[in-house]
Every structure is written in C-alpha cells, then in structure tokens.
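Asks:
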Amino acid sequence: MGIEIWLNPACTKCRTAVAELDAAGVDYTVRRYLDDPPTPEELRAVVDRLGLEPWDVARPKETREAGIDLPREPASRDAWLRALAAHPRAIQRPILTASDGTTVVGRDPGSLGRVIERG
Numbered sequence: 019m020g021i022e023i024w025l026n027p028a029c030t031k032c033r034t035a036v037a038e039l040d041a042a043g044v045d046y047t048v049r050r051y052l053d054d055p056p057t058p059e060e061l062r063a064v065v066d067r068l069g070l071e072p073w074d075v076a077r078p079k080e081t082r083e084a085g086i087d088l089p090r091e092p093a094s095r096d097a098w099l100r101a102l103a104a105h106p107r108a109i110q111r112p113i114l115t116a117s118d119g120t121t122v123v124g125r126d127p128g129s130l131g132r133v134i135e136r137g
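Numbering-wise (the working numbering), the sequence shown opens with residue 19 and increments by one.
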C-alpha cells in the first residue's frame, strides 16, 4: 500500500511532505481531503493512531472561522469528529499514514522521517 497522505495542495507543508516522499522514492497515495473529506469514523481512526484527541488536530484559526466552539473534553469527542468532518479545512495537515499504521501530522522533518521509514 505504501503511504497515504491527506493534503491540501495549496499548503506549503503539504508540498514539502510530497517532495520528501518523492525524494525518498516511496509509493504514496494522495487524498485531497478538502475535495474528499474524511468521515467522522475515518477521523476517529486517525486520531486514535496518533494518540491524540480531535481538538489536538484542529487548526485554531480555521476552527474559529468554522464556528466550532466545543468543549475540549471526552464527552465532546464525537461532536468534534463530526465538526471536523463537516469542516475539513480545520484539520491539521498533512496527515500521513504508513502501511504499518504509523500515522503522523507531517509538519516537521522528524515526523516525516518516521512515516517514510515505515512506508
């Protein structure tokens, strides 16, 4: 399978991640998550693999712009997942998942390296 990358092509960090994947010569699949938004269930799986909560992968500015104003507590987890699925622009990017399930928010070289070596 290789690596799946959720990206926004207009994002500099996403373009950097793709360049790193190309340079490493790994196989990857692109998901333009603004055009093909993840379901709440897909988001749940991603945040679980990341070991995070949905609000940890929310972009603050875009969350405010989308009007997402939910408590950051376990009781609101499902509401966060639904809100982020409905407003994918508010999701951190890029998110990469290796074939072994290793998942990172690839905003730094260390995170990218971890997923590339498992790709």
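A virtual CB, placed ideally from N, CA and C, is assigned to each residue, including glycine.
With 16 as the cutoff for other CB atoms within 10 Å, does Pro89 come out buried or exposed?
Replies: By the 10 Å Cβ count, Pro89 comes out exposed.
Asks: Under 8 Å Cβ to Cβ from Thr120, same chain only, skipping five residues before and after it: list those, please.
Replies: Around Thr120: Arg67, Arg132, Val133, Arg136.
Asks: Just reading off the beta strand (DSSP E) that Arg33 is part of, what are its end residues?
Replies: Taken as a continuous stretch (DSSP letters only), Arg33 belongs to no beta strand (DSSP E), being part of the alpha helix (DSSP H) at 30 to 42.
Asks: Strictly under 8 Å for the Cβ-Cβ distance: is Ala93 near chain C by that measure?
Replies: Of the chains in the structure shown, none is chain C; there is only one protein chain.
Asks: Are the beta-carbon atoms belonging to Pro72 and Arg95 less than 8 Å from one another?
Replies: The answer is yes: Cβ separation under 8 Å.
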